[in-house]
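Asker:
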Amino acid sequence: MDFTSDFTMTIGGKPVAGATTMSVLNPATEQVIAEAPDCSRAQLDEAVAAARAAFPAWKATPFEKRRDYLNAVSARIFENLEGLKRLLTLEQGKPIGEAEFEVGAAGMFVQGTASLRMPESVNEDSAERRSITRHVPIGVVGAISPWNFPVVLAFFKVGPALLAGNTVVLKPSPFTPLTTLKIGEMLRDVLPPGVLNIVSGGDALGPWMTSHPGIDKVSFTGSTQTGRKVMESASASLKRVTLELGGNDAAIVLPDVDVATLAPNLFWAAFANNGQICIASKRMYIHKDVYEPLRDAIVDYAKTVKVGDGAEQGTQIGPVQNKQQYRRVLDLIEDSKKQGHKFLLGGEAMDGPGYFVPVTILDNPPEDSRIVQEEQFGPVLPLLKVEDIDEAVAKANASEYGLGGSVWSGDPDKALAVGERLETGTVWINETQHLSPLAPFAGHKQSGVGVENGVDGLLEYTNVQTVVVRKA
Numbered sequence: 511m512d513f514t515s516d517f518t519m520t521i522g523g524k525p526v527a528g529a530t531t532m533s534v535l536n537p538a539t540e541q542v543i544a545e546a547p548d549c550s551r552a553q554l555d556e557a558v559a560a561a562r563a564a565f566p567a568w569k570a571t572p573f574e575k576r577r578d579y580l581n582a583v584s585a586r587i588f589e590n591l592e593g594l595k596r597l598l599t600l601e602q603g604k605p606i607g608e609a610e611f612e613v614g615a616a617g618m619f620v621q622g623t624a625s626l627r628m629p630e631s632v633n634e635d636s637a638e639r640r641s642i643t644r645h646v647p648i649g650v651v652g653a654i655s656p657w658n659f660p661v662v663l664a665f666f667k668v669g670p671a672l673l674a675g676n677t678v679v680l681k682p683s684p685f686t687p688l689t690t691l692k693i694g695e696m697l698r699d700v701l702p703p704g705v706l707n708i709v710s711g712g713d714a715l716g717p718w719m720t721s722h723p724g725i726d727k728v729s730f731t732g733s734t735q736t737g738r739k740v741m742e743s744a745s746a747s748l749k750r751v752t753l754e755l756g757g758n759d760a761a762i763v764l765p766d767v768d769v770a771t772l773a774p775n776l777f778w779a780a781f782a783n784n785g786q787i788c789i790a791s792k793r794m795y796i797h798k799d800v801y802e803p804l805r806d807a808i809v810d811y812a813k814t815v816k817v818g819d820g821a822e823q824g825t826q827i828g829p830v831q832n833k834q835q836y837r838r839v840l841d842l843i844e845d846s847k848k849q850g851h852k853f854l855l856g857g858e859a860m861d862g863p864g865y866f867v868p869v870t871i872l873d874n875p876p877e878d879s880r881i882v883q884e885e886q887f888g889p890v891l892p893l894l895k896v897e898d899i900d901e902a903v904a905k906a907n908a909s910e911y912g913l914g915g916s917v918w919s920g921d922p923d924k925a926l927a928v929g930e931r932l933e934t935g936t937v938w939i940n941e942t943q944h945l946s947p948l949a950p951f952a953g954h955k956q957s958g959v960g961v962e963n964g965v966d967g968l969l970e971y972t973n974v975q976t977v978v979v980r981k982a
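All residue numbers for the sequence shown refer to my numbering, where the first residue is 511 and numbers rise by one.
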């Protein structure tokens with residue numbers, strides 16, 4: 511397969527060129543690497559019609575057979591890992607090792623999803639009647655995936671949607687459509703036509719999908735601001751929605767930690783994927799007893815990390831993925847400068863082409879500052895000193911977000927007691943960002959609606975149906 515050109519959409523199992531094209535840039539060079547299809551409204555109608563036509567047969571396909579199809583999808587992704595990872599680095603910017611991890615994780619999540627079982631419960635089984643509750647597919651799912659993890663987050667949606675018996679129209683971000691389009695191409699002979707349709711397009715395509723009368727459910731991953739618009743649009747026809755939205759995850763560090771061991775772990779908790787992770791540690795509350803030594807150790811470690819083109823040997827952190835986000839990160843840095851915040855590292859845009867921002871760490875800015883209150887989604891981290899753990903918990907919870915949080919301590923039981931006080935969908939103890947296809951992942955507050963992964967995530971793609979049989 512050619513991974514560098516001939517990018518087409520997949521509609522009804524066939525290659526479809528866009529009505530027009532849109533340029534895709536390499537964020538490390540700002541150079542155009544390919545032209546991707548720009549789907550028209552009529553082509554979206556074709557994709558939805560193809561999914562609608564394929565739905566009855568796919569719904570009737572036995573659950574075990576659909577599981578076999580998912581395992582075949584997983585196998586095809588793994589077979590093409592080498593080409594996919596290099597393409598992903600070109601369009602997303604992440605280092606090649608991280609791109610390999612993401613593509614492999616997509617295969618693993620599909621495989622893990624295929625191991626799930628659809629629950630069925632017996633409500634009553636008496637001499638008079640039998641009542642059972644089962645779960646049936648919704649119909650056509652519109653899946654909208656983001657640019658930070660374009661492959662694995664797409665399959666957070668595709669895997670359970672297909673296993674549950676739905677058909678899918680998938681739209682990748684216009685910033686990172688290429689790898690997803692290639693996966694669509696390689697799956698054309700794996701799945702029945704129309705079961706998985708992949709369309710790419712600009713800013714108009716998402717709203718067309720969320721308001722489309724032929725789409726029964728929307729699953730969206732992205733910012734909270736856009737998530738509100740998705741929910742508003744979907745409400746007109748009461749579409750089901752799953753929204754995995756923003757986070758301003760807090761890490762809480764207890765005073766009994768081993769500073770030297772912990773510093774690298776905390777660094778990557780914040781800066782993996784250049785901080786462009788919804789569950790990255792974006793605020794770090796450190797007990798006053800270890801604040802200064804841990805602060806210095808994190809900064810010292812940060813100075814050893816190489817920022818550069820993800821395709822180059824040794825790069826550990828790539829560019830910010832797109833110009834819009836690059837400008838937003840620089841704006842937050844500029845705001846901190848104007849407010850007189852103390853910078854321990856970074857703070858200046860890097861010379862040359864590419865959307866590069868150096869690793870930037872701030873020393874105890876005020877709690878009400880933008881860099882603490884907003885989700886930066888980039889390589890900028892405020893370190894914050896707290897007098898005690900009650901203060902840390904109170905500040906961690908004083909946020910409109912509630913996606914994830916972490917607690918770090920030499921005593922896991924003590925950390926767990928703190929973690930159970932956090933108002934977040936996921937709590938990690940002495941690690942962060944670990945997700946599993948078997949464990950539910952959901953946000954509290956403004957961080958989302960619904961669940962991904964695990965049996966709970968599978969059930970998001972179903973309607974509940976209770977069947978009552980009156981016995982003779």
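Where is the CB? At the ideal position from N, CA and C, for every residue including glycine.
(1) If we require 4 or more residues per run, which alpha helix (DSSP H) segments fall completely within the region 726 to 757?
(2) Please classify S625 as buried or exposed, where buried requires at least 16 neighbouring CB atoms within 10 angstroms.
(3) Considering only their Cβ atoms, is the gap separating T531 from A546 smaller than 8 Å?
(4) Should the region 884 to 892 be called in touch with the region 927 to 942, which here means at least 3 C-beta pairs below 8 Å?
(5) Just checking my contact of I648 with M719 at CB under 8 Å: how many whole Å lie between their CB atoms?
(6) Work out the CA separation of E638 and P656 for me, nearest whole Å.
(7) By Cβ distance below 6 Å, which residues in the same chain neighbour P537 in space, the five residues on each side in sequence not counted?
(8) Assuming I899 and V928 make a contact with CB atoms under 8 Å, what is their CB distance in whole Å?
(9) Inspect the beta-carbon positions of G920 and V767 and report whether they are closer than 8 Å.
(10) Answer with buried or exposed for P723, where buried requires no fewer than 16 other C-beta atoms within 10 angstroms of its C-beta.
(11) By the 10 Å Cβ neighbour count, where 16 or more other Cβ atoms means buried, how is M794 classified, buried or exposed?
(12) In angstroms with no decimal places, state the Cα-to-Cα distance between I787 and R805.
(13) Pairing CB atoms from the region 571 to 581 with CB atoms from the region 614 to 629, are three or more of them under 8 Å?
(14) Give me the residue from D799, R750 and N963 with the minimum Cα distance to L945.
(15) As an exercise, report each continuous alpha helix (DSSP H) stretch of at least 4 residues that is fully enclosed by the region 560 to 646, in chain order.
(16) So, helix, strand or coil for L772, using DSSP?
(17) Would you call the CB atoms of L772 and A761 closer than 8 Å?
(18) Does DSSP put L854 in a helix, a strand or coil?
(19) By how many angstroms is the C-alpha of I642 removed from the C-alpha of D878?
(20) P547 lies in the alpha helix (DSSP H); which residues open and close that run?
(21) If you follow the beta strand (DSSP E) that N707 is part of, which residue opens it and which one closes it?
(22) If you compare alpha carbons, which of A807, E897 and V700 is closest to H797?
(23) In three-state terms, what does DSSP make of S515?
(24) Taking just the CA atoms, how far does F659 sit from N784?
(25) Using the DSSP secondary-structure output, state which residues sit across from P525 in a beta bridge.
(26) Does the beta-carbon of G607 have 16 or more other beta-carbons within 10 angstroms, so that it is buried, or is it exposed?
(27) If the criterion is Cβ atoms closer than 8 Å, does the pair V668 and I725 meet it?
(28) What residue range does the beta strand (DSSP E) around P682 cover?
(29) Please report the distance separating the alpha-carbon of I789 from that of V974.
(30) Exposed or buried, which one is A746 when buried takes at least 16 other CB atoms within 10 Å?
(31) Considering just the uninterrupted stretch of the beta strand (DSSP E) at V881, what are its terminal residues?
(32) Could you tell me the distance, in whole angstroms, from the CA atom of P684 to the CA atom of L715?
(33) May I ask which residues mark the beginning and end of the beta strand (DSSP E) holding M532?
(34) Provide the residue(s) that pair with V979 in DSSP beta bridges, ordered along the chain.
(35) Under 8 Å, with one C-beta from each stretch per pair, do the region 842 to 857 and the region 555 to 567 reach the 3-pair mark?
(36) Does DSSP classify K955 as helix, strand or coil?
Answerer: So, to answer that:
(1) 734 to 745
(2) exposed
(3) yes
(4) no
(5) The pair is not a contact, with the Cβ atoms about 15 Å apart (cut-off 8 Å).
(6) 51 Å
(7) G603, P829, Q831 and Y865
(8) 6 Å
(9) yes
(10) exposed
(11) buried
(12) 22 Å
(13) yes
(14) N963
(15) 573 to 589, 591 to 602 and 606 to 624
(16) helix
(17) no
(18) strand
(19) 52 Å
(20) No alpha helix (DSSP H) contains P547, which is instead part of the beta strand (DSSP E) from Q541 to D548.
(21) L706 to I708
(22) E897
(23) coil
(24) 12 Å
(25) T520
(26) exposed
(27) no
(28) It is not in any beta strand (DSSP E) - P682 carries neither H nor E in the DSSP assignment.
(29) 30 Å
(30) exposed
(31) This sequence places Ile at residue 881; Val is not what is there. Careful: I881 lies outside any beta strand (DSSP E), inside the alpha helix (DSSP H) at R880 to Q883.
(32) 9 Å
(33) T530 to N536
(34) R640
(35) no
(36) strand
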